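Okay, so here's the structure we're looking at.
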Amino acid sequence: MDHAATTPVRPEVLEAMLPYFSEKFGNPSSLYGFAQESREAVDSAREKVARILHCRDSEVVFTSGGTESDNTALKGVASAMRGSGRHIITTAIEHHAIIHSCEQLERDGFSVTYLPVDEYGRVDPLAVERALNKDTFLVSVMTANNEVGTVQDISGISQRIRRKAKELNRAVLFHTDAVQAPGKLPLDVDALGVDLLSLSAHKAHGPKGVGVLYVRKGTPMEPLVAGGGQERQRRSGTENVPGIVGAGVALELADMERPAFNQRSTRLRDMIIEGVIERVPDARLNGHPTQRLSNNVNFSFPGVEGEPVVIALDFEGIYASSGSACSSASVEPSHVLIAMGLDADTAVGSVRLTIGKDSTEAHALKATEKITEVVKRLRGMASMKSRN
15 MDHAATTPVR PEVLEAMLPY FSEKFGNPSS LYGFAQESRE AVDSAREKVA RILHCRDSEV
75 VFTSGGTESD NTALKGVASA MRGSGRHIIT TAIEHHAIIH SCEQLERDGF SVTYLPVDEY
135 GRVDPLAVER ALNKDTFLVS VMTANNEVGT VQDISGISQR IRRKAKELNR AVLFHTDAVQ
195 APGKLPLDVD ALGVDLLSLS AHKAHGPKGV GVLYVRKGTP MEPLVAGGGQ ERQRRSGTEN
255 VPGIVGAGVA LELADMERPA FNQRSTRLRD MIIEGVIERV PDARLNGHPT QRLSNNVNFS
315 FPGVEGEPVV IALDFEGIYA SSGSACSSAS VEPSHVLIAM GLDADTAVGS VRLTIGKDST
375 EAHALKATEK ITEVVKRLRG MASMKSRN
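Residue numbering for the sequence shown follows my numbering, starting at 15 and increasing by one per position.
Structure below.
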């Protein structure tokens, strides 16, 4: 129940990867025929990803993961456009790969606007438009939030950006972190209206250590990783051929199976939501009730902290994650939930469950049952402790 964290590699994906660890080990940059087998495999994977994104093959850049893709999008564009603007717009609920990149850029002299979100984690497209000014060169808004599953109106935001950029008579690029979207949302970059888009293979039953950055033709971007000039001078380093092959197959299969996955996972998701809300007093569903990923459930349970709930569920054979993180010996509330207006005590009592392609109705029923038992037990222990 933690597929937003990572997923197992599919057998079909592993089978496609295996030859490139051994008998087809050539360096794609070498000129002889043996190495060209590796080049052809990388090109084939690039074509698969391009079909999903409805873009040119040449606009697909392979990276080491979603974090590198996010860093490259922000820092690479900032470096290339330093002379034409110093202002970036993002939201308060982005992944730390975006938040921390923005903080680094602020230390380098750029200014960043962190837009607020509503109680469901949605940013107002009009607020994005109003934040644009004559110094803005980049906007980054995630497609779907990794913690609460809320889906943003990316195409609506894009339209607002284009309109205001035209009025300001300047170029404003639009990036989206779409790491949680494959297999759940359509990723046509023209329909979304984005110039840059980040993906990660291991969120869609592909291997870890492989990501994708879509870069629209003509987008100014300095490479984050310098070296031999691979990936059309945009990401140097010998290509991870097995990983890239696996990423192509995994993302292709996820996109093909998207309608069936959404139908099944929505049913299981709603079973958990309805069951927990009915059985656990004061349980709160975090995120938008309908504009959310089909496989994401995030609850807050006042009176308990998320970490003990996750640990107790682990003992029951259920693997979930907490919306809070341990830092130095103290539990810090999720920045996402705080931005959505939850108080710190409620925010630290959050638990996320995310359904995978092999999750079943029995899994959903067991998760509901054990969450109910665990929260009841922890609340009882807290009540006894307070009385003593």
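Virtual Cβ for every residue (Gly too), placed ideally from N, Cα, C. Keep in mind it's a predicted model, so treat the numbers as computed, not measured.
Contact check for A106 against V131 passes: the beta carbons are separated by less than 8 Å. Looking at the DSSP output, E375 bridges to nothing. F188 and T374 have their alpha carbons spaced roughly 38 Å apart.
Where H349 is concerned, there is no enclosing beta strand (DSSP E), although the alpha helix (DSSP H) around it starts and stops at 349-353.
Of the other Cβ atoms in all chains shown, 16 or more fall within 10 Å of the Cβ of Q166; this residue is therefore buried. Counting the other Cβ atoms within 10 Å of the Cβ of G257 gives 16 or more, which makes it buried. Straight-line measurement puts the Cα of T190 at about 14 Å from the Cα of G90.
A direct Cα-to-Cα measurement between S212 and R121 gives close to 24 Å. For the region 203-239, the full-length alpha helix (DSSP H) segments reaching 4 residues or more read 203-206 along the chain. Apart from the 5 residues on each side of it in sequence, R24 sits with its Cβ closer than 6 Å to the Cβ of H219 in its chain, given in chain order.
In the DSSP annotation of this structure, the continuous segment of the beta strand (DSSP E) that includes S125 starts and ends at 125-129. Annotated three-state conformation of N85 is helix, per DSSP. Out of H302, A297, V229, H216, the CA that lies nearest to the CA of G260 is found in H216. Under the DSSP assignment, R366 falls in the beta strand (DSSP E) whose first and last residues are 364-368.
Counting along the chain, no alpha helix (DSSP H) covers D191; the unbroken beta strand (DSSP E) around it starts and ends at 187-191. Assignment of D57 by DSSP, reduced to helix, strand and coil, places it in the helix class.
N147 and D84 have their C-alpha atoms some 23 Å from each other. Judged by DSSP in its simplified three-state form, V294 adopts coil rather than helix or strand.
When secondary structure is reduced to three states using DSSP, N276 falls in the helix class. Sequence-distant partners of A141 (beyond 5 residues in either direction) whose C-beta falls short of 6 Å from its own C-beta, in its chain, are L129. In this structure, DSSP gives A158 an extended state, which the three-state scheme calls strand. One Cα belongs to D209, the other to R272, and the distance between them is close to 24 Å. When H68, L32, I66, L67 are compared, the shortest CA-CA separation from A55 is found for L32. Put simply, the backbone Cα of K198 is about 7 Å away from that of L307.
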